[in-house]
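S.K.: Below is a structure I'd like to ask you about.
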Amino acid sequence: GGGYIFKSTLLIIVNKAVEKEGFLFVFFGGAIGATARFAFQFYLPKIGGFPISTLIVNILGSFFLGFIFNLSSYKSDNWLHYLLLAGFAAAFTTFSTFAFETVQMFREDDYILGILNLALNNLLCVIFILFGMKISEAI
Numbered sequence: 055g056g057g058y059i060f061k062s063t064l065l066i067i068v069n070k071a072v073e074k075e076g077f078l079f080v081f082f083g084g085a086i087g088a089t090a091r092f093a094f095q096f097y098l099p100k101i102g103g104f105p106i107s108t109l110i111v112n113i114l115g116s117f118f119l120g121f122i123f124n125l126s127s128y129k130s131d132n133w134l135h136y137l138l139l140a141g142f143a144a145a146f147t148t149f150s151t152f153a154f155e156t157v158q159m160f161r162e163d164d165y166i167l168g169i170l171n172l173a174l175n176n177l178l179c180v181i182f183i184l185f186g187m188k189i190s191e192a193i
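Residue numbers (the numbering used here): 55 to 193.
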């Protein structure tokens, strides 16, 4: 009947998505990454108005991205890329949150925290991508 046709069509679409683009891997990786980011933001409150959870998530996400990207077994078209980089790392890191929080600091005339947030997130994330790559080279 109609239910069988719907289920068969849905199964074909899902299989094609996994084969072609890895949509399901991005979906599941993204769900895990977003949940992990939420946990950091939930359990690590701001310190003196400074969004420490965003900084920590960006540093960890940068390290993770550099580490996974640089592994010798990394292939840009495999399921691990979709799951870990396009899914998890993209949802876990919070650049848009970082940008929004920085703008809010400037709007509230808290220029010192805003500049500190800009400097630390940019400098430390670049350093930790390089650190992740270096560590993965030793494996």
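By construction, the Cβ of each residue, glycine as well, lies at the ideal position given by its N, Cα and C atoms.
Computed from a predicted structure; not experimentally measured.
Only counting runs of 4 or more residues, tell me where the alpha helix (DSSP H) segments fall wholly within the segment 114–169, in order along the chain.
M.R.: Whole alpha helix (DSSP H) segments, 4+ residues: 149–161.
S.K.: Phe104 bridges to which residues according to DSSP?
M.R.: Locating residue 104 in the sequence shown gives position 50, where the first residue counts as 1. In DSSP, Phe104 forms a bridge with Ile101.
S.K.: Do Phe121 and Met187 have their CB atoms nearer than 8 Å?
M.R.: The sequence position of residue 121 within the sequence shown is 67, counting from 1. The sequence position of residue 187 within the sequence shown is 133, counting from 1. Going by C-beta atoms, Phe121 is nearer than 8 Å to Met187.
S.K.: Compute the Euclidean distance between the alpha carbons of Asn132 and Thr148, then round it to the nearest angstrom.
M.R.: Taking the first residue of the sequence shown as position 1, residue 132 is located at position 78. Taking the first residue of the sequence shown as position 1, residue 148 is located at position 94. The straight-line gap from Cα to Cα measures roughly 24 Å.
S.K.: Cα-Cα, which of Cys179, Phe123, Leu177, Leu109 is closest to Glu191?
M.R.: Here residue 191 corresponds to residue number 137 of the sequence shown, with the count starting at 1. Of Cys179, Phe123, Leu177, Leu109, the residue nearest in Cα terms is Phe123.
S.K.: Look at Tyr165 and Val80 and say whether their C-beta atoms are less than 8 Å apart.
M.R.: For the purposes of this step, residue 165 is identified with residue 111 of the sequence shown, where counting begins at 1. For the purposes of this step, residue 80 is identified with residue 26 of the sequence shown, where counting begins at 1. Cβ atoms of Tyr165 and Val80: not closer than 8 Å.
S.K.: Give every residue of the same chain whose Cβ lies closer than 7 Å to the Cβ of Leu167, excluding the five residues on either side of it in the sequence, and list them in chain order.
M.R.: The residue given as residue 167 occupies position 113 in the sequence shown. These residues qualify, in order along the chain: Gly103, Phe104, Met159.
S.K.: Does Phe142 come within less than 8 Å of chain D when only Cβ atoms are used?
M.R.: Among the chains in the structure shown there is no chain D, since it carries only a single protein chain.
S.K.: For Leu114 versus Ile183, is the C-beta spacing smaller than 8 Å?
M.R.: Locating residue 114 in the sequence shown gives position 60, where the first residue counts as 1. Locating residue 183 in the sequence shown gives position 129, where the first residue counts as 1. Not a contact, by the Cβ cut-off of 8 Å.
S.K.: Where does Gly83 sit, in a helix, a strand or coil, going by DSSP?
M.R.: As a working mapping, residue 83 is identified with position 29 in the sequence shown. The answer is helix: DSSP assigns Gly83 an H, G or I state.
S.K.: Here's the rule I'm using: 16 or more other beta-carbon atoms within 10 Å means buried, otherwise exposed. How should Phe154 be labelled?
M.R.: Within the sequence shown, numbered from 1, the residue matching residue 154 stands at position 100. It counts as exposed.
S.K.: In its own chain, which residues sit with a C-beta less than 7 Å from the C-beta of Leu138, not counting the 5 before and 5 after it?
M.R.: Here residue 138 refers to the residue found at position 84 of the sequence shown. Gly83, Ile122.
S.K.: Can you tell which of Ala85, Leu134, Phe152 has its C-alpha closest to the C-alpha of Asn176?
M.R.: The residue you call residue 176 lines up with position 122 of the sequence shown. If we check each option's Cα against that of Asn176, Phe152 comes out closest.
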